[in-house]
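Please read the structure below before turning to the comments.
In full-length UniProt numbering, the protein residues as written are 1 to 521.
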């Protein structure tokens with residue numbers, strides 16, 4: 001069947017054919033018909049390609065942005081210092097200040113029927129209705145390794161340490177937690193849950209960072225004692241101690257090697273690790289080289305002060321994003337080790353405690369003290385119709401005088417330069433311009449001039465940029481975001497709030513989010 005548009009096109013073609021002069025020979029007529037048919041086929045192919053381009057499925061890798069909505073909260077009485085998750089996001093593990101390691105069912109927490117009470121929903125947005133489903137919990141005890149029954153005869157109670165760092169096996173077979181005395185406990189999860197199978201005598205102070213490598217045969221640890229060490233999970237011994245840090249270790253991450261940036265440990269480069277310290281220095285460590293230090297990024301570039309809580313890799317591993325104390329996120333080039341740009345958060349947003357890249361390559365999660373923002377790294381300012389980017393400069397270059405002058409040329413039009421340009425002899429009779437007559441500005445004149453300047457600047461700023469390069473992710477407000485996880489499919493997100501033993505305020509929350517890709521508006 002033919003559509004109305006095709007019928008009109010065919011009728012128009014027929015009319016054009018009938019209007020051909022009778023004196024045209026057969027070859028010209030045949031050439032004309034072939035050209036018309038070729039043009040019609042090309043238009044059909046263009047329409048077909050346009051329709052096929054519109055049918056490209058929207059995924060988390062080719063989307064414009066994301067719609068991130070909080071749906072639930074896992075209740076904690078104290079601050080949540082760290083989070084860890086299995087590969088399929090079936091289980092979420094949290095470590096808090098009360099010394100407990102808790103295991104939650106993520107799928108039931110997001111899609112289940114457990115609801116928060118009215119008092120528990122108080123202070124949150126309306127979309128937070130679900131309650132985190134707690135499966136089990138055990139204390140982060142500082143004791144020797146071994147089954148629980150071996151210590152049952154002891155009357156002395158084991159000391160419980162706050163959980164400052166945590167990481168888990170991809171299939172949830174075991175997990176590792178950090179203690180405040182520098183030890184690391186290896187816990188069984190699937191079998192005889194909560195049993196300490198091994199104790200790493202790792203550091204002399206609080207273990208603030210634990211990262212299991214991609215093959216899950218070694219673990220990287222950082223501490224408040226300013227040391228970074230690599231441990232073997234097969235023998236329990238130290239493989240390498242990295243030199244260089246002069247401050248407490250705040251974060252660590254392995255370099256991604258694929259286009260997908262997720263919670264999966266299988267898509268990372270086990271050789272190259274990103275480590276940050278509290279003084280703002282970024283270290284790139286490679287255990288294959290002597291000394292281990294591959295590159296050191298400076299901490300005093302631009303206007304950023306020497307302070308950092310978190311840093312992350314870009315999707316392709318070519319860039320590093322580092323959050324600063326003054327509300328700035330620095331973007332570094334890994335190959336050159338140079339600062340590319342500084343992304344400034346809104347005024348009074350507070351320090352940037354955590355940053356996280358998303359798979360589309362243009363979205364960056366920036367968790368400040370006030371809110372969590374989804375920043376567009378490829379944002380281009382929108383200029384209003386008739387607006388000019390040079391408008392603010394014109395306002396700034398406006399002469400600032402405190403006198404009002406009279407236009408003498410308008411008072412003597414017959415002797416103006418434009419009138420006498422055509423007659424060279426008349427220039428002799430050209431009168432000199434009298435000095436401008438000035439008078440002191442009154443208070444009303446000053447107020448009017450100041451108001452006009454402010455109005456001009458406001459109009460210029462309004463015409464210069466009408467868009468905002470970020471969207472606020474609801475849920476978190478007014479606290480330190482200690483940890484943030486995104487699942488492998490980039491459809492779920494979990495964010496916890498805790499001070500990790502440093503200064504700040506905790507909201508004692510562990511929020512569950514749903515993530516949906518969105519197209520360009």
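For every residue, glycine included, the Cβ atom is placed at its ideal position computed from N, Cα and C.
In this text the structure is predicted, and so the values were computed from the model without any measurement.
Local Cβ density within 10 Å of residue 227, reported as buried at 16 or more and exposed below that: Indexing the chain shown from 1 puts residue 227 at position 227. It counts as buried.
Of the residues 280, 277, 255 and 282, the one placed nearest residue 271, counting alpha carbons only: Translated into the one-based positions of the chain shown, residue 271 becomes position 271. Comparing Cα positions, the closest option is 255.
Residues sharing a beta bridge with residue 355, DSSP: By 1-based counting over the chain shown, the position of residue 355 is 355. Paired residues: 366.
Spatial distance of residue 190 from residue 173 (CA atoms): For this step, residue 190 is matched to residue 190 along the chain shown. For this step, residue 173 is matched to residue 173 along the chain shown. When rounded, the distance between both Cα atoms is 5 Å.
Beta-carbon separation (whole angstroms), residue 205 vs residue 225, contact threshold 8 Å: Here residue 205 refers to the residue found at position 205 of the chain shown. Here residue 225 refers to the residue found at position 225 of the chain shown. The pair is a contact, with the Cβ atoms about 4 Å apart (cut-off 8 Å).
Integer Cβ distance of residue 84 from residue 196, believed to fall under 8 Å: Taking the first residue of the chain shown as position 1, residue 84 is located at position 84. Taking the first residue of the chain shown as position 1, residue 196 is located at position 196. No, residue 84 and residue 196 are not in contact; Cβ-Cβ is about 17 Å, not under 8 Å.
Proximal residues to residue 138 (C-beta, below 8 Å), its chain only, five neighbours per side dropped: Against the chain shown, residue 138 aligns to sequence position 138. Excluding sequence neighbours, residue 138 sits near 100, 101, 187, 193 and 194.
Proximity of residue 514 and residue 110 at Cβ, strictly below 8 Å: Reading the chain shown from its first residue, position 514 is the one you call residue 514. Reading the chain shown from its first residue, position 110 is the one you call residue 110. The beta carbons of residue 514 and residue 110 sit closer together than 8 Å.
For residue 216, the three-state DSSP class (helix, strand or coil): Here residue 216 refers to the residue found at position 216 of the chain shown. Looking at residue 216 - three-state DSSP - the assignment turns out to be coil, as it is neither helix nor strand.
Which of helix, strand or coil DSSP assigns to residue 110: To locate residue 110, count along the chain shown from 1; it is residue 110. Reduced to three states, the DSSP call for residue 110 is helix.
Cut-off 7 Å between Cβ atoms - residues of its own chain near residue 452, not counting five sequence neighbours on either side: Locating residue 452 in the chain shown gives position 452, counting from the first residue. None.
Straight-line gap, residue 518 to residue 311 (C-alpha atoms, nearest Å): One-based indexing of the chain shown puts residue 518 at position 518. One-based indexing of the chain shown puts residue 311 at position 311. Distance between the alpha carbons of residue 518 and residue 311: 26 Å.
Completely contained beta strand (DSSP E) runs for the region 235 to 281, where each covers 3 or more residues: With a minimum length of 3 residues, the continuous beta strand (DSSP E) runs that stay inside the region 235 to 281 are 238 to 242, 249 to 256 and 268 to 277.
Span separating the alpha-carbon of residue 320 from that of residue 330: As a position in the chain shown, residue 320 is number 320, starting the count at 1. As a position in the chain shown, residue 330 is number 330, starting the count at 1. So the alpha carbons of these two residues sit roughly 8 Å apart.
When 317, 341 and 316 are compared against residue 328, the one with the closest alpha-carbon: Numbered from its first residue, the chain shown carries residue 328 at position 328. If we check each option's Cα against that of residue 328, 341 comes out closest.
Given residue 284 as reference, the closest of 365, 324 and 333 once Cα atoms are compared: For this step, residue 284 is matched to residue 284 along the chain shown. Nearest in C-alpha terms to residue 284, of all of 365, 324 and 333, is 333.
Reduced DSSP secondary structure (H/G/I, E/B, other) of residue 447: Position 447 of the chain shown, counting from 1, holds the residue named residue 447. In the structure shown, residue 447 falls within a helical segment according to DSSP collapsed to helix, strand and coil.
Collapsed DSSP secondary structure at residue 452 in the structure displayed: In the chain shown, counting from the first residue as 1, residue 452 sits at position 452. In the structure shown, the three-state DSSP call for residue 452 is helix.
Where the alpha helix (DSSP H) through residue 119 begins and ends: Looking up residue 119 in the chain shown gives position 119. First-last of the alpha helix (DSSP H) with residue 119: 118 to 121.
Given 8 Å, three or more beta-carbon pairs between the region 202 to 220 and the region 120 to 127: With the cut-off at 8 Å, the region 202 to 220 and the region 120 to 127 do not touch.
Which residues DSSP lists as bridging residue 141, in chain order: If you number the chain shown from 1, residue 141 lands on position 141. By DSSP's assignment, residue 141 forms a beta bridge with 160.
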